[in-house]
Amino acid sequence: SVLNIYMIQKLSSDSVRLCCNGQGCPVVKKINEDQYEVTDDFGNKILVRKAELALMTDAITAIDSKQQLICG
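Structure below.
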């Protein structure tokens, strides 16, 4: 069986760490109802809207796919 090396660790009531077996553990923090801050291992930060953050998995799928997505 394959071991799940990914986990989400709750840091506080408004932030989590996305752990990937020690290979990058970004922190996602809720700023307000519509904005989230993502901090990478190097301290770089971006602000994204909730809807944009929710689309990240679809973004990865689109990049890895040979198909061109028109309407998500």
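Everything in the sequence shown is counted per the numbering used here, starting at 967 for the first residue and increasing by one. Note that the Cβ used here is the ideal one computed from N, Cα and C, for glycine as well. Because the structure is a prediction, the values reported are computed rather than measured.
So Leu1019 is in the alpha helix (DSSP H); what residue range does that whole segment cover?
-> 1016–1020
Rounded C-alpha distance that separates Gln1001 from Ala1025 | Those two C-alpha atoms are separated by around 18 Å.
Roughly how many whole angstroms lie between the Cα atoms of Ser967 and Met973?
-> Summary for Ser967: the model assigns pLDDT 42, below 50, so the residue's position carries little reliability, and this model does not support an answer.
Please list, in chain order, all residues of the same chain as Leu1019 whose beta carbon is under 7 Å from its beta carbon, the five residues on each side excluded.
-> Tyr1002
Which class does Ile971 belong to by DSSP, given the choice of helix, strand or coil?
-> coil
State yes or no: is the C-beta of Ile1012 within less than 8 Å of the C-beta of Val1004?
-> yes
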